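Colleague: Residue numbers (my numbering), protein chains in the order written: chain U, -8 to 126; chain L, 11 to 420.
(1) Just to confirm the assignment: which complete alpha helix (DSSP H) runs, minimum length 4, are found wholly within the region 59 to 115 of chain L?
(2) Nearest to residue 103 (chain U) by CA position, among U:36, U:5, U:77, U:69, is which residue?
(3) With C-beta atoms as the reference, is residue 17 (chain U) less than 9 Å away from residue 53 (chain U)?
(4) Which stretch, first to last residue, makes up the alpha helix (DSSP H) that contains residue 351 (chain L)?
(5) Give a yes or no on contact between the region 169 to 183 of chain L and the region 84 to 96 of chain U, applying the rule of three or more CB pairs nearer than 8 Å.
(6) Three-state secondary structure (DSSP) at residue 180 (chain L)?
(7) If we count the other Cβ atoms within 10 Å of its Cβ and call it buried at 16 or more, is residue 113 (chain L) buried or exposed?
(8) Would you grab the beta carbon distance between residue 395 (chain L) and residue 289 (chain L) for me? Rounded to a whole angstrom, and I think it's under 8 Å.
(9) Leaving out five residues on either side along the sequence, give the residues of the same chain with a beta carbon under 7 Å from the beta carbon of residue 328 (chain L).
(10) Which residue wins for smallest C-alpha separation from residue 378 (chain L), given the options L:400, L:323, L:284, L:104?
(11) Run the CB neighbour count on residue 39 (chain U), radius 10 Å, all protein chains shown included, and call it buried at 16 or more, exposed below.
(12) Using the beta-carbon of each residue, which ones in chain U are nearer than 8 Å to residue 216 (chain L)?
(13) Looking at chain U, is there any beta carbon in it that lies within less than 9 Å of the beta carbon of residue 5 (chain L)?
(14) Report buried or exposed for residue -4 (chain U), applying the criterion of at least 16 other Cβ atoms within 10 angstroms of its Cβ.
(15) Using a Cβ cut-off of 9 Å (strictly closer), state whether residue 56 (chain U) contacts chain L.
(16) Considering only residues of the same chain and omitting the five flanking positions on each side of residue 115 (chain U), which have a CB-CB separation below 6 Å?
(17) Return the residues of the region 7 to 35 of chain U that lie within a Cβ-Cβ distance of less than 9 Å from chain L, sorted by chain order.
(18) Note down, in chain order, every chain U residue with its Cβ under 8 Å from the Cβ of residue 66 (chain L).
(19) Between the C-alpha atoms of residue 278 (chain L) and residue 413 (chain L), what's the straight-line distance to the nearest angstrom?
(20) Which same chain residues end up closer than 7 Å to residue 344 (chain L) when comparing Cβ atoms and leaving out the 5 residues on each side of it in sequence?
(21) Counting contacts by CB-CB distance shorter than 9 Å, is residue 145 (chain L) in contact with chain U?
(22) Using three-state DSSP, classify residue 127 (chain L) as helix, strand or coil.
(23) Find the residues of chain L that neighbour residue 51 (chain U), judging by a C-beta separation of less than 8 Å, and give them in chain order.
(24) Rounded to whole angstroms, what is the Cα-Cα separation between residue 324 (chain L) and residue 363 (chain L)?
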């Protein structure tokens, strides 16, 4: 098991499968929030479902809507399980806080290279800890 | 975080449940970013269109609005970003009764909370621009980057829940662009040409946004021949914020914190160059079709000056496809009074007010109207709409008006 520590964290402990890409994230720009899939054709995860996955991405992009949208997606059961990013903007932190979605950000090294796609992860935000349980 | 006595009272519920909920949210965000304390803010700007809110968000707002009169209102001037519709044109847009009902409920709750329903993303042109050094809590990335850069104000991107919280508490966590050290340039961008049109300004902003890469990067832009006007900087900043999540740029001699380069860049910076070929490449990357289903001018809402220019180009023309021009409720009456609306609509266009195209159920509009290939002069709009199922294409206002007449983008 590999342990990685984040500089910023929010939320409750969760565990689940990783969905990884070295790409950005914006709920408005990138997602079909009705279907729970990435819909921007140029996104590396285009067509894939993010529902219930730990999204491991590079950085937050785009506008302010993600703050409301994460909350609405969580209420409808079509949200990612957790967010793990190299860096975030305030909107993603605000959205995670408001939507109750665990978030870790800021690691030593590129988190999208350190976490294999599909690996099983456990997050403990109170310790700013990301564990790669199984690859 | 270090809390004042008043903040401790708010958290203890002495001012009621609404400010307590707001401050609890702000403490979570502040602690995430390592904020030491709160800073008082003078204005808030709340993005809360019903497409983003969804049923869950509207119910949350209604919960706040149900608090006792006198214990639920914002304590600083708090204004709103565009709504999810222009009720007068909702049928034309193919919006459903369910969408409008959600929008009506959101508005009713926001009014009860004491918000001023300005419904604009160009408040710096139409309501009240922030001033140098003024700490504010603004939503809409275009509003933040313009206010930070062109006005010299201090704001982070404040999503709807956080901007509303700032309105309710009169403060925001002191992190990010509220801190002097965070406002220094991190990257020098040398531009070897000066854009000639709003779409070129937007494309340049988009290219620099991509180079900047994330929220915390602050580009210093050099090499432009003259001071751009407000509409040029509006498109430039909005695209930079959209493509790169940027919240602040400096232009020595133009923006107020950078009278000279050394004011914001005391140390050497990494340097990159941007040429005209870079913005042409960005524009070409979106030119995937020749046929056009709809022309949209929006994102940001059009100023009176933009509408005047558009009206002049529409005068005496006849459109073969729909053309939409979206503006703010502050500008629309002037556009009506000065005859701009009549000229645009006589050609077959539609002038909409108080909404923004991509914040108004753009995916459902596409399905209802059969619109897919969309021409616009907004670089921000082409960046946003790809994920909504459109083929968005970037061109000048003049080319877009020609496309509205012919159905083809030359």
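Glycine is no exception: its CB is placed at the ideal position from the N, C-alpha and C atoms. Quick caveat: nothing in here was measured; it's all calculated off a predicted structure.
Modeller: Reading from the atomic positions:
(1) Fully enclosed alpha helix (DSSP H) runs of 4 or longer: 60 to 75, 100 to 103.
(2) Nearest to residue 103 (chain U) by C-alpha distance, out of U:36, U:5, U:77, U:69, is U:77.
(3) Less than 9 Å separates the beta-carbon of residue 17 (chain U) from that of residue 53 (chain U).
(4) 350 to 356 is the extent of the alpha helix (DSSP H) around residue 351 (chain L).
(5) Touching, yes.
(6) Reduced to three states, the DSSP call for residue 180 (chain L) is coil.
(7) By the neighbour-count rule (16 or more Cβ atoms within 10 Å), residue 113 (chain L) is buried.
(8) Not really, about 19 Å apart at Cβ, beyond 8 Å.
(9) Excluding residues within five positions, the ones whose Cβ falls inside 7 Å are 357, 358, 415.
(10) Checking every option, the nearest Cα to that of residue 378 (chain L) belongs to L:104.
(11) Counting Cβ neighbours within 10 Å, residue 39 (chain U) comes out exposed, since fewer than 16 surround it.
(12) Contact note: residue 216 (chain L) does not reach chain U at a C-beta cutoff of 8 Å; the least C-beta distance is about 12 Å.
(13) Because chain L is modelled from 11 through 420, residue 5 (chain L) falls outside the range shown and cannot be assessed.
(14) Label assigned to residue -4 (chain U): exposed.
(15) Closer than 9 Å: yes.
(16) Around residue 115 (chain U): 4.
(17) For the region 7 to 35 of chain U, which is checked against every Cβ of chain L, the residues closer than 9 Å are 15, 17, 18, 19, 20, 21, 22, 23, 24, 25, 29, 30, 31, 32, 33, 34.
(18) Taking a Cβ-Cβ threshold of 8 Å, the residues of chain U close to residue 66 (chain L) are 62, 63, 65, 66, 67, in chain order.
(19) A straight line joining the alpha-carbon of residue 278 (chain L) with that of residue 413 (chain L) spans about 46 Å.
(20) Answer for residue 344 (chain L): 314, listed in chain order.
(21) By this cut-off, residue 145 (chain L) is not an interface position.
(22) Correct three-state label for residue 127 (chain L): coil.
(23) By Cβ distance, chain L contributes 224, 225, 255.
(24) Between residue 324 (chain L) and residue 363 (chain L), the C-alpha separation is close to 18 Å.
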